[in-house]
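*Asks:* Quick one: the structure is below, and I'll ask about it shortly.
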Amino acid sequence: MALRLQSETNCGLIHQLEACGIIKNKTVADVMKQTDRKIYCPVNHPYVDKSESIGEYTTIAAPHIHAYILENLYEFINADSKILDIDCGSGYLTACFARLIEARAEECNTIPNGMTISFEEQEELVEFAIDNLNTDDPDLIADERVKIIHGNGRVECGDYGPFDVIYVGGNRDATPIELYFQLKFGGRMLCVLNTKNGSQQIMQYYKNGSGEIIKKPLLNVM
Numbered sequence: 020m021a022l023r024l025q026s027e028t029n030c031g032l033i034h035q036l037e038a039c040g041i042i043k044n045k046t047v048a049d050v051m052k053q054t055d056r057k058i059y060c061p062v063n064h065p066y067v068d069k070s071e072s073i074g075e076y077t078t079i080a081a082p083h084i085h086a087y088i089l090e091n092l093y094e095f096i097n098a099d100s101k102i103l104d105i106d107c108g109s110g111y112l113t114a115c116f117a118r119l120i121e122a123r124a125e126e127c128n129t130i131p132n133g134m135t136i137s138f139e140e141q142e143e144l145v146e147f148a149i150d151n152l153n154t155d156d157p158d159l160i161a162d163e164r165v166k167i168i169h170g171n172g173r174v175e176c177g178d179y180g181p182f183d184v185i186y187v188g189g190n191r192d193a194t195p196i197e198l199y200f201q202l203k204f205g206g207r208m209l210c211v212l213n214t215k216n217g218s219q220q221i222m223q224y225y226k227n228g229s230g231e232i233i234k235k236p237l238l239n240v241m
């Protein structure tokens, strides 16, 4: 991005993302306003639109990337959606996904009964995510709106699938094709992949009614 957005408050940052046209959906904006970035990003200035280190080998993505992911997946998430979040890191998107399920239920005047299943391989990040979620809203875990699991989600998610939405964080060198089988017909998966020039790109995978996977490159991650 040419201009780095920043604010003194979480809501102020989200308003800026809306003003720039990065966030177009009011529900996505509301969900991000409810999910205070400073809980998940323990740095001196959490409301700056840039990625931040949260561990030896892990970062939390920039807010505009989170916004882009939520905007892209919004129409595939409903009151009863089952969402898989792999390499959940800080737990930020896990919380956003749970709140998006609730928001979609409210839009349809129905009861939310969906769930977000999040995997993380680094044990210290599992504890970090759980602590963050409990600080944000203890009911997220207590009411089983989210479940955080220590393990490799690419190979251990079978007991919980199939899923309406899958998000694979971290940086992959290749598409995790084993997750195609965990995606429902009509579902969407986003995955952050490394590119040959050393950057990262968000790839989109849609599973149509015939079971065919349709791939589409999306945003380059700076």
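Note that this note's numbering has the sequence shown beginning at 20, numbered continuously upward. For every residue, glycine included, the Cβ atom is placed at its ideal position computed from N, Cα and C.
#1: Buried or exposed for Tyr66, going by 16 or more other Cβ atoms inside 10 Å?
#2: Which first and last residues belong to the alpha helix (DSSP H) in which Gln141 is found?
#3: Taking 8 Å as the cut-off, decide whether the C-beta atoms of Lys234 and Lys203 are in contact.
#4: Note down, in chain order, each residue of its chain lying with its Cβ closer than 6 Å to the Cβ of Lys69, except the 5 sequence neighbours on either side.
#5: Report yes or no: do the region 216-223 and the region 122-139 share at least 3 C-beta pairs separated by less than 8 Å?
#6: Looking at Thr54 and Ala114, is the spacing between their C-beta atoms short of 8 Å?
#7: Check whether the Cβ atoms of Cys176 and Gln201 sit closer than 8 Å, and answer yes or no.
#8: Would you check if the region 89-106 and the region 171-189 touch, i.e. whether three or more CB-CB distances between them fall below 8 Å?
#9: For Pro195 and Gly172, I'd like the C-alpha separation in whole angstroms.
#10: Looking at Lys90: is its Cβ nearer than 8 Å to the Cβ of Val50?
#11: Under the three-state reduction of DSSP, which class applies to Thr135: helix, strand or coil?
#12: Here's the rule I'm using: 16 or more other beta-carbon atoms within 10 Å means buried, otherwise exposed. How should Asp183 be labelled?
#13: Measuring CB to CB, does Ile120 end up less than 8 Å from Ala86?
*Replies:* Looking at the coordinates:
#1: buried
#2: That residue, Gln141, is in no alpha helix (DSSP H); it is neither H nor E in DSSP.
#3: no
#4: Ala81
#5: no
#6: yes
#7: yes
#8: yes
#9: 11 Å
#10: The identity of residue 90 in the sequence shown is Glu, whereas the question assumes Lys. Cβ atoms of Glu90 and Val50: not closer than 8 Å.
#11: strand
#12: buried
#13: no
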